[in-house]
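**Student:**
Chains as they are written, first to last, in our numbering: chain A, 7 to 495; chain B, 3 to 97.
#1: Closest by CA to residue 143 of chain A, which one among A:89, A:135, A:172?
#2: Give the residues of chain B in contact with residue 394 of chain A, contact being defined as C-beta atoms less than 9 Å apart.
#3: Can you find a CB in chain B that lies within less than 8 Å of the CB of residue 201 of chain A?
#4: Could you tell me which uninterrupted alpha helix (DSSP H) segments, each at least 4 residues in length, are contained entirely in the segment 26–86 of chain A, listed from first to last along the chain?
#5: Fully enclosed by the segment 156–208 of chain A, which alpha helix (DSSP H) runs are 4 residues long or longer?
#6: Give the interface partners of residue 274 of chain A over in chain B, defined as CB-CB distance under 7 Å, in chain order.
#7: Is any beta-carbon of chain A found at less than 8 Å from that of residue 93 of chain B?
#8: Given that residue 29 of chain B touches chain A, what residues does it touch there, using C-beta distances under 7 Å?
#9: Return yes when the Cβ of residue 186 of chain A is within less than 8 Å of the Cβ of residue 239 of chain A, no when it is not.
#10: Run down chain B in chain order and give the residues with a C-beta less than 8 Å from the C-beta of residue 290 of chain A.
#11: Count Cβ pairs between the segment 188–195 of chain A and the segment 109–125 of chain A that sit closer than 8 Å; are there 3 or more?
#12: Taking 8 Å as the CB-CB cut-off, is residue 48 of chain B touching chain A?
#13: Quick check on residue 296 of chain A: does DSSP put it in helix, strand or coil?
#14: Using 8 Å as the limit for Cβ to Cβ distance, is residue 67 of chain B near chain A?
#15: Quick one: which chain A residues come within Cβ less than 8 Å of residue 61 of chain B?
#16: Run the proximity test for residue 467 of chain A: is its beta-carbon closer than 7 Å to any non-hydrogen atom belonging to the ligand FMN?
#17: Grouping DSSP H, G and I as helix and E and B as strand, with all else coil, what is residue 152 of chain A?
#18: With distance defined between alpha-carbon atoms, name the residue in A:380, A:35, A:10, A:57 nearest to residue 205 of chain A.
#19: What span of residues does the beta strand (DSSP E) with residue 97 of chain A cover, start to end?
#20: For the segment 43–66 of chain A, which residues have a beta carbon sitting closer than 9 Å to at least one beta carbon of chain B?
#21: Count the other CB atoms within 10 Å of the CB of residue 152 of chain A; is the residue buried (16 or more) or exposed (fewer)?
#22: Buried or exposed, going by whether 16 or more other CB atoms sit within 10 Å of the CB of residue 309 of chain A?
#23: Does chain B have any CB closer than 8 Å to the CB of residue 102 of chain A?
#24: Which same chain residues end up closer than 7 Å to residue 282 of chain A when comparing Cβ atoms and leaving out the 5 residues on each side of it in sequence?
#25: Report the residues of the segment 67–90 of chain A with a CB closer than 8 Å to any CB of chain B, ordered along the chain.
#26: Identify the continuous beta strand (DSSP E) that holds residue 129 of chain A and give its terminal residues.
#27: Please state whether the Cβ-Cβ distance between residue 55 of chain A and residue 72 of chain B is less than 8 Å.
#28: What are the residues of the segment 162–177 of chain A that lie near chain B, defined by any Cβ-Cβ distance shorter than 8 Å?
#29: Among A:494, A:345, A:102, which has the Cα closest to the Cα of residue 370 of chain A?
#30: Below 8 Å on C-beta distance, what does residue 38 of chain A contact in chain B?
#31: What distance in whole Å lies between the Cβ atoms of residue 409 of chain A and residue 430 of chain A, which are believed to be in contact at a cut-off of 8 Å?
#32: Quick one: residues in its chain with C-beta nearer than 6 Å to the C-beta of residue 406 of chain A, no 5 flanking neighbours on either side, listed in chain order?
#33: Do residue 141 of chain A and residue 119 of chain A have their C-beta atoms closer together than 8 Å?
#34: Roughly how many angstroms lie between the CA atoms of residue 401 of chain A and residue 348 of chain A, to the nearest whole one?
#35: Please decide whether residue 73 of chain B counts as near chain D, where near means a Cβ-Cβ distance under 8 Å.
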């Protein structure tokens with residue numbers, strides 16, 4: 007793969023502008039119960055049925071922290087190569103909203119559980135490191151539903167109190183493509199770790215996007231705007247493009263950018279100011295008097311570190327070394343844990359390189375067409391490996407393999423059975439092929455003479471005849487060899 | 003630190019407490035004198051002292067990740083100003 011150059015700039019009339027992006031990703035922690043209460047976190051339950059007196063903020067209730075949520079945050083921190091803080095504090099972030107019964111969100115402000123870390127991205131122009139500023143634990147809010155009644159808002163508190171990890175990046179991202187790669191990488195790491203399911207449709211992963219622009223070459227950051235709560239990568243990218251263009255236009259017209267919170271309207275494809283009130287960020291944080299500081303034993307952190315699974319970056323290195331894949335193939339095959347598991351199962355039973363090629367080609371195309379995850383693949387890893395082996399051994403040609411593949415998808419049968427029952431086996435017996443080719447040559451004496459007189463283009467004609475006679479099953483390589491030999495004689 | 007009337011109104015707004023314009027003057031005076039009293043503490047040098055957030059020399063108590071609560075919708079919705087069988091209902095809040 008040749009290396010491209012980074013080129014994402016907004017071109018204004020007065021020059022090129024660089025876009026500076028930082029993300030605050032909110033990732034729902036995978037746990038059975040909530041951060042400070044024993045209510046279930048299961049998605050899709052009846053409204054307000056997974057709510058305790060703590061989640062609905064009844065007076066006198068005391069929050070008690072879920073030890074698993076703490077461990078999940080530590081695991082995620084370790085996966086982000088970050089510093090784990092042995093001492094962290096829970097604070098109250100105060101604001102009023104109908105879906106926040108406490109009137110404050112329990113979060114971590116000055117002393118988060120996880121400090122600085124980094125994430126590595128593979129971009130077409132090389133690898134790029136994105137700094138992580140911090141990761142902290144906090145409560146999710148409930149859900150407001152505005153479209154059930156023209157004059158009222160309905161509130162469902164099932165989500166209220168579920169543990170979130172807020173992962174704050176440094177302002178190191180420079181384009182919508184980098185944002186895409188960053189979110190996918192975070193998601194992949196957390197799914198490997200089993201700390202967040204990364205399901206964006208269900209809101210398990212959302213982000214606030216901070217965008218600013220500056221003239222190319224400037225070292226100071228411009229004034230940033232924060233786009234709140236964007237819940238798909240596509241919308242993040244659209245919001246960034248719109249917002250960057252808006253800011254450049256303001257600058258070029260000599261206007262000032264207000265630092266503010268904005269909202270991305272997915273229907274109009276634009277961002278607009280959300281809270282004009284300047285006190286929107288006046289959260290008056292203070293340590294939650296209901297909760298003591300969280301102290302982590304170093305042994306707990308060390309034990310969690312030892313129990314971490316192999317993460318995508320390491321696995322990628324191993325795939326290159328162990329299976330002889332190139333960096334691109336390895337990167338694709340480790341992107342999801344399920345994909346890498348499938349590949350490894352196939353690679354153990356068949357040719358490693360050919361398996362990668364066929365997986366990334368026909369298998370992915372088929373899954374994509376049908377909107378299936380690899381875990382729901384109609385072709386098992388074992389059958390897929392048998393198909394790859396049948397190609398590798400020369401039992402069937404690549405062209406026939408595509409037909410076998412289609413039948414496998416429809417029937418779920420193993421390739422051996424299909425090849426045998428449909429008589430698709432490649433003709434690789436040299437003696438039989440030679441017999442067939444001799445037959446063809448003797449029927450086309452005139453063309454053989456022309457070929458020998460120098461009309462070498464006719465070679466393709468002979469190959470075509472062999473394929474026709476064999477029903478496409480003649481081994482192409484062997485056919486070429488035998489044809490050459492016989493035409494010489 | 004001294005508080006002016008604007009600050010008092012701002013804090014009241016953040017806390018969703020309605021304050022009579024007539025009372026702002028006396029509130030400002032009262033709060034300022036309270037602040038003055040507290041600010042005596044600034045005479046101490048606390049440069050190398052970590053803020054004390056709890057007087058208990060203990061760490062946070064934790065619980066196992068088990069579902070032990072919920073499914074008490076009826077009880078919870080009883081305290082809603084307006085409700086139906088499933089939801090809390092509040093005046094429209096849309097941005």
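Just so it is clear, CB atoms sit at the ideal spot from N, CA and C, and this is done for glycine as well. Being a predicted model, the structure only gives us computed values, none of them experimental.
**Tutor:** Per the coordinate set shown:
#1: Looking up residue 143 of chain A in the first chain gives position 137. For the residues A:89, A:135, A:172, the minimum Cα distance to residue 143 of chain A belongs to A:172.
#2: Your numbering for residue 394 of chain A matches position 388 in the first chain. The premise fails here: residue 394 of chain A is roughly 42 Å from chain B at the closest Cβ pair, so nothing lies under 9 Å.
#3: As a first step, residue 201 of chain A must be located in the first chain, where it is residue number 195. Closer than 8 Å: no.
#4: Counting whole runs of 4 or more residues, the segment 26–86 of chain A contains the alpha helix (DSSP H) stretches 73–85.
#5: Runs of the alpha helix (DSSP H) inside the segment 156–208 of chain A: 182–199.
#6: Residue 274 of chain A sits at position 268 when you count from the first residue of the first chain. Within chain B, no residue comes near residue 274 of chain A; the closest Cβ sits about 15 Å away, beyond 7 Å.
#7: Mapped onto the second chain, residue 93 of chain B falls at position 91. So, interface residue.
#8: If you number the second chain from 1, residue 29 of chain B lands on position 27. Here the premise fails: no neighbours, minimum Cβ distance about 18 Å.
#9: As a position in the first chain, residue 239 of chain A is number 233, starting the count at 1. As a position in the first chain, residue 186 of chain A is number 180, starting the count at 1. Going by C-beta atoms, residue 239 of chain A is nearer than 8 Å to residue 186 of chain A.
#10: As a working note, residue 290 of chain A is residue 284 in the first chain. Per Cβ cutoff of 8 Å: 16.
#11: yes
#12: The count along the second chain starts at 1 and reaches residue 48 of chain B at position 46. Chain A contact via Cβ: absent.
#13: In the first chain, counting from the first residue as 1, residue 296 of chain A sits at position 290. In the structure shown, residue 296 of chain A falls within a coil segment according to DSSP collapsed to helix, strand and coil.
#14: What you label residue 67 of chain B is simply residue 65 of the second chain in a count that begins at 1. Closer than 8 Å to some Cβ of chain A, the Cβ of residue 67 of chain B qualifies, so yes.
#15: Reading the second chain from its first residue, position 59 is the one you call residue 61 of chain B. Those within 8 Å of residue 61 of chain B in chain A are 298, 299, 300, 301.
#16: With respect to small molecules bound, the structure shown includes none, and the ligand FMN cannot be examined in it.
#17: Here residue 152 of chain A corresponds to residue number 146 of the first chain, with the count starting at 1. Coil, per DSSP.
#18: Position 199 of the first chain holds residue 205 of chain A. Selected option, being the one with the closest Cα: A:35.
#19: Residue numbering aside, residue 97 of chain A sits at position 91 when the first chain is read from its first letter. From DSSP, the beta strand (DSSP E) with residue 97 of chain A extends over 97–100.
#20: 43, 44, 45, 46, 47, 48, 51, 52, 53, 54, 55, 56, 57, 58, 59, 60, 61, 62, 64
#21: By one-based count along the first chain, residue 152 of chain A stands at place 146. It is exposed - the Cβ of residue 152 of chain A has fewer than 16 other Cβ atoms within 10 Å.
#22: Working through the first chain from its first residue, we reach residue 309 of chain A at position 303. The Cβ neighbour count for residue 309 of chain A, taken over all protein chains shown within 10 Å, is under 16; the residue is labelled exposed.
#23: Within the first chain, the letter at position 96 stands for residue 102 of chain A. Yes, its Cβ sits closer than 8 Å to a Cβ of chain B.
#24: Counting from 1 along the first chain, the entry for residue 282 of chain A is found at position 276. Its pLDDT being 49, under 50, residue 282 of chain A is placed unreliably in this model, and the coordinates cannot settle the point.
#25: For the segment 67–90 of chain A, which is checked against every Cβ of chain B, the residues closer than 8 Å are 70, 71, 72, 73, 74, 75, 76.
#26: Along the first chain, one-based indexing puts residue 129 of chain A at 123. Element bounds for residue 129 of chain A: 123–129.
#27: Stepping through the first chain from its first residue, residue 55 of chain A is reached at position 49. Stepping through the second chain from its first residue, residue 72 of chain B is reached at position 70. Yes, they are a contact pair.
#28: Taking 8 Å as the Cβ-Cβ cut-off against chain B, the residues of the segment 162–177 of chain A that qualify are 162, 163.
#29: Residue mapping note: residue 370 of chain A aligns to position 364 of the first chain, counting from 1. Nearest C-alpha to residue 370 of chain A: A:345.
#30: The residue you call residue 38 of chain A lines up with position 32 of the first chain. Result: 67, 68, 69.
#31: Taking the first chain and counting its residues from 1, one reaches residue 430 of chain A at position 424. Taking the first chain and counting its residues from 1, one reaches residue 409 of chain A at position 403. The C-beta separation of residue 430 of chain A from residue 409 of chain A comes to about 7 Å, placing the pair in contact by the 8 Å criterion.
#32: The count along the first chain starts at 1 and reaches residue 406 of chain A at position 400. Listed in chain order, the non-local C-beta contacts of residue 406 of chain A below 6 Å within the same chain comprise 430, local neighbours out to five positions each way being set aside.
#33: The residue given as residue 141 of chain A occupies position 135 in the first chain. The residue given as residue 119 of chain A occupies position 113 in the first chain. Cβ atoms of residue 141 of chain A and residue 119 of chain A: closer than 8 Å.
#34: As a working note, residue 401 of chain A is residue 395 in the first chain. As a working note, residue 348 of chain A is residue 342 in the first chain. Going from the Cα of residue 401 of chain A to the Cα of residue 348 of chain A covers about 23 Å.
#35: Of the protein chains in this structure, namely A and B, none is chain D.
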